[in-house]
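Going down the list, the sequences are from chains G and D.
Under numbering that gives the first Met the number 0, the first residue of the first sequence carries the number 0, and numbering increases by one thereafter.
Under numbering that gives the first Met the number 0, the first residue of the second sequence carries the number 0, and numbering increases by one thereafter.
There are 2 protein chains.
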Amino acid sequence: MPEDDAAPVGEIFAFFNEVGIIAQLSRALFESRLPDGITVQHFSVLNHLIRVADGRTPLELANAFQVPKTSMTHTLAGLEKRGFVEVGPNPEDGRSKLIWLTPSGRAFRQEAQGLLSEDINRLSEKITADRIAPLLPELTQIRQILDKDRDPKKPSRREQPAHLR
Amino acid sequence: MPEDDAAPVGEIFAFFNEVGIIAQLSRALFESRLPDGITVQHFSVLNHLIRVADGRTPLELANAFQVPKTSMTHTLAGLEKRGFVEVGPNPEDGRSKLIWLTPSGRAFRQEAQGLLSEDINRLSEKITADRIAPLLPELTQIRQILDKDRDPKKPSRREQPAHLR
DNA sequence: CTTGTATAGTACGAAATCGCACTATATAAT
DNA sequence: ATTATATAGTGCGATTTCGTACTATACAAG
């Protein structure tokens, strides 16, 4: 029976606890700024398509955001319904599809970014960049560890880190 | 008008991005260990009731976890349905209720903690405590900033930090 | 070429999340 | 006491999330 790992376990647990609440709060904050039925997930996918490149497959996107592919299907359906993306065939794989941004999708992302930057600017007065800059590499590493750790069934076809400019 | 904060904005955004994905991954990991219909939220609430003290009101719990009170109602209903908590009147306020752990609830939490500690032990080999220890105070501070920042309507009846042993 | 197996995406259903509106109680103002 | 306002909790409905099972295509083995 384990006897001496109370501290580490407690700390790791506390870490996930804080991370969970911060994710919760930031999600709620950003979501309150986005128009009607648009979620953070919608915005994030648009953002990813612009920052990385469009013409991604749904599965690539699901991997990039670490959600089940069924969830991504749903998110993409919402984006398509609103005319922000178009779904085309994948010439290299008949089972697959490619997601393309529409001009409307690009315009919306630009607009939404403006709405969010208001909040981010306000927050950046309190959460200064020099405070979070050192955290980022640590978090990235932890994210990668968690990512590799999960379900060995899925070969973890990793993707661009979903951020990084 | 702001002109030079492009870098901070990007970094803050990247920060929330990482935090969101880590929350996503850790939630999925823990949830996969918990029995059938039990979510991380269920476990967290039980945990909170033990670590802090039971006899909390639903609203206190909602504040502690930063979720809307309607969400907490739902979570508590699930816990009650499974016999893990009991809901009693609040002698100090007729509008309110108090949530009490049942022996079964305490037992289940103990058991579930064992299941999770397996994962945490495995992770702690890669995510060593000395790596995350310095992150914790920073994250806590950011959580508090975000918390104070939100909806000024709600007077932010703050609560015990929902963790801390 | 046929067969077996792996993969991409989706349909469907169950559960979680959460905003809105409502009831009941509390508190303050007069 | 009466009235007005604020607060705790819930019912309800819309949406999101995601596991299971399915279809269609790819690829490998023979």
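Cβ coordinates follow ideal geometry from the N, Cα and C atoms, glycine included.
These figures come from a predicted structure and were not determined experimentally.
Margin query: Is there a C-beta anywhere in chain D that falls below 8 Å from the one on residue 81 of chain G?
Written below: Closer than 8 Å: no.
Next item on the list: Within the same chain, show all residues whose beta-carbon is closer than 6 Å to that of residue 138 of chain D, passing over the 5 residues directly before and after it, in chain order.
Entry: none
Check: Curious, which full-length alpha helix (DSSP H) runs of at least 4 residues does the stretch 75 to 147 of chain G contain?
Finding: 102 to 125, 128 to 131
Checklist line | residue 181 of chain G in three-state terms, based on DSSP | finding: Only positions 0 to 164 of chain G appear in this structure, which leaves residue 181 of chain G out of reach.
Item checked: Option nearest residue 132 of chain D by Cα separation, candidates G:141, G:85, G:149, G:65 -> G:141
Notebook entry, point to check: Is the beta carbon of residue 100 of chain G less than 8 Å from the beta carbon of residue 87 of chain G?
Noted result: no
Margin query: For residue 49 of chain G, report the span of its alpha helix (DSSP H) as first-last.
Written below: 39 to 50 is the span of the alpha helix (DSSP H), which, as asked, contains residue 49 of chain G.
Next item on the list: Taking residue 23 of chain G as the query, report the chain D residues whose CB atoms sit under 8 Å from its CB, ordered along the chain.
Entry: 22, 64, 65, 66
Checklist line | Close-in-space but distant-in-sequence residues of the same chain around residue 79 of chain G (CB under 8 Å, 5 per side omitted) | finding: For residue 79 of chain G, where only same-chain residues beyond five positions count, the Cβ hits under 8 Å are 85, 86.
Next item on the list: Evaluate residue 110 of chain D with the Cβ neighbour count: other Cβ atoms within 10 Å of its Cβ, from every protein chain shown; 16 or more gives buried, anything less gives exposed.
Entry: exposed
Next item on the list: Give the interface partners of residue 144 of chain G over in chain D, defined as CB-CB distance under 8 Å, in chain order.
Entry: 122, 125, 126
Notebook entry, point to check: Quick one: Cα of residue 56 of chain G to Cα of residue 70 of chain G, how far?
Noted result: 14 Å
Note to self: Counting only beta-carbon separations shorter than 8 Å, does residue 10 of chain G have a partner in chain D?
What the structure shows: yes
Next item on the list: Evaluate residue 143 of chain G with the Cβ neighbour count: other Cβ atoms within 10 Å of its Cβ, from every protein chain shown; 16 or more gives buried, anything less gives exposed.
Entry: exposed
Next item on the list: Residues of the stretch 50 to 64 of chain D with a CB closer than 8 Å to any CB of chain G: list them in chain order, please.
Entry: Listed in chain order, the positions of the stretch 50 to 64 of chain D with a beta carbon within less than 8 Å of a beta carbon of chain G are 64.
Check: Based on Cα-Cα distance, which residue from D:120, D:125, D:149 lies nearest to residue 9 of chain G?
Finding: D:120
Item checked: Contact set between residue 110 of chain D and chain G, taken where Cβ atoms lie within less than 9 Å -> Residues of chain G passing the Cβ test: none, with the nearest at roughly 15 Å.
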